[in-house]
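Student: Below is the structure I would like to discuss, written out as structure tokens.
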Amino acid sequence: MARVMIIGAGGVGSVVAHKCDQVPEVFSEIILASRTVSKCEALAANLKHPVVTEAVDADNVDELTALLMKHKPELVINVALPYQDLSIMDACLNAGVNYLDTANYEPPETAKFEYKWQWAYQEKFREMGLMALLGSGFDPGVTNVYTAYLNKHYFDEMHELDIIDVNGGDHGQPFATNFNPEINIREVSAECRHWEKGDFQETPPMSMKQSFTCPEEVGTYNIYRMYHEELESLTKHFPTIRKAQFWMSFGDNYLKHLEVLKNVGMTRIDPVMFEGREIIPLQFLKALLPDPSSLGPLTKGKTCIGCVVKGVKDGKPVEKYVYNICSHEGAYAEVGSQAISYTTGVPAMIGAKMMLEGKWSGKGVFNMEQMDPDPFMEDLNKYGLPWKVVTPGE
Ligand code: NDP
């Protein structure tokens, strides 16, 4: 039985609230806080159990600290934006509250994904006897746990890791992103980095492509290599990995729009003067694009996200693929959101559940792969994201 505060009432926040609401024996009291309180209230109206709603600007450490002191939750589930990670961690330290998020901190002025800012909080959380769990979404999140699970049960040594994120869904819109457009476009237009020869190698965005056939007739898609934050923590925590890459599927139409938007400067994140005031083109573009939460009823098809690992067991070469397939329509029927928000929100709830039940514990800042993968993998099967381990080619 625990009191939690969910910060952020967007696409992912909505799924987290619905999933916590389904497990009242763990999440006995929920406080839903976000910048726009009307979104919290609308969400609360669709839940089974009563929740407390609050307005908060999570960039303001003092304001958030006061709110945490008022409610004294055991844990904050941060599903606001990556820009708020550090201010929310600071407020948690001030108020003595444990912390969980789904995406690593990004400074607003540079699209740079690195754990260094949050790893720097290690000593502060340890000294306070608190736990911060980083990246408890799907990727990062489940992909970290998948890798740890394969390592524990199938390998003596892992050598190569490919994380493959396919969205075989179609929302019928000319151009839309499946989660916060600003964060999504910053991510896909960043320089690509992959791990090889003991270091990160840089290549131009979207310059490496291959075709991937998903299991269970989800289809064949073009996947593009890009940087994703879990590569940094996984290569640190599993140093036998010699090569690690992240791949994501994109349709030709999405890429064509993105190229044009980039060419005309609409994806820029530096301020430009417009009619006497500064605007950031990407933030303006976000205001024009469909709100990802509006895509729920429109999106058909499935996502297929998983990890392929090559390595050795008992001196023999081994290759394993662990994956989940999630239906957009199924997610919408259950919680009123498409599968991208669903596949992020469910692991956020499970990560929180692991912490509150004491199955995952520690003092300091942790990535998911540092914890025992088994209870988390069990809960994935139980709470809507079942997985399979297969041998490719068999
Ligand atoms: P949305 O934009 O839909 O929602 C973000 C929410 O945070 C909104 O309710 C917004 O309020 C609120 N918010 C923003 N700034 C503040 C602030 N300063 N104070 C309080 N609340 C604030 O984003 P998503 O739900 O799509 O994404 C949420 C998070 O999940 C992001 O960090 C994203 O990177 C992460 N994510 C992780 C994935 C994974 O697999 N690990 C996959 C997909 C997303 P308002 O409504 O007022 O704008």
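Take any residue in the sequence shown, note its place counting from 1, add 329, and you have its number in this note's numbering. No residue lacks a Cβ here, since even glycine has one placed at the ideal position from N, Cα and C.
1. Can you tell me whether DSSP reads residue 513 as helix, strand or coil?
2. Looking only at DSSP bridge pairs, what is residue 428 linked to?
3. Tell me the rounded alpha-carbon separation between residue 395 and residue 336.
4. So the alpha helix (DSSP H) residue 662 belongs to, where does it begin and stop?
5. What number of angstroms, rounded off, separates the C-alpha of residue 496 from the C-alpha of residue 637?
6. Assuming contact is defined by CB atoms lying nearer than 8 Å, are residue 524 and residue 569 in contact in what I supplied?
7. Taking only runs of the alpha helix (DSSP H) that begin and end inside the stretch 489-560, which ones reach a length of at least 4 residues, in chain order?
8. Determine, using beta-carbon pairs with one atom in the stretch 652-661 and one in the stretch 525-545, whether at least three such pairs fall under 8 Å.
9. Cutting at 8 Å between CB atoms, please list the residues of its own chain near residue 465, excluding the five before and the five after it.
10. Starting from the Cα of residue 571, find the closest Cα among 628, 359, 489 and 646 and give me that residue.
11. Enumerate in chain order the residues of its own chain whose CB-to-CB distance from residue 708 is below 7 Å, with the five nearest sequence positions on each side excluded.
12. Quick check: is any heavy atom of the ligand NDP less than 7 Å from the C-beta of residue 390?
13. List the DSSP bridge partners of residue 416.
14. Can the beta-carbon of residue 702 be found less than 8 Å from the beta-carbon of residue 477?
15. Rounded to whole angstroms, how far is the Cβ of residue 558 from the Cβ of residue 442, which I believe are closer than 8 Å?
16. For residue 510 versus residue 618, is the C-beta distance shorter than 8 Å?
17. Using 7 Å as the cut-off, classify the Cβ of residue 665 as near or not near the heavy atoms of the ligand NDP, replying yes or no.
18. Looking at the secondary structure, which residues open and close the beta strand (DSSP E) in which residue 572 lies?
19. State the CB to CB distance for the pair residue 695 and residue 463, rounded to an integer number of angstroms; the pair is presumed to be in contact (CB under 8 Å).
20. Under the three-state reduction of DSSP, which class applies to residue 362: helix, strand or coil?
Tutor: According to the structure shown:
1. Three-state DSSP puts residue 513 in a helix.
2. 405 and 461
3. Approximately 14 Å, taken between the alpha carbons.
4. 657-664
5. 17 Å
6. no
7. 510-517
8. yes
9. 429, 430, 431, 676, 677, 679, 680, 681 and 697
10. 489
11. Sequence-distant Cβ neighbours of residue 708 in its own chain, meaning closer than 7 Å and more than five residues away, are 679 and 682.
12. No, the Cβ of residue 390 stays beyond 7 Å of every heavy atom of the ligand NDP.
13. Paired residue(s): none; residue 416 is not in a bridge.
14. Going by C-beta atoms, residue 702 is nearer than 8 Å to residue 477.
15. Contact between residue 558 and residue 442 holds: their C-beta atoms lie close to 5 Å from each other, under 8 Å.
16. Going by C-beta atoms, residue 510 is nearer than 8 Å to residue 618.
17. no
18. 572-578
19. 7 Å
20. strand
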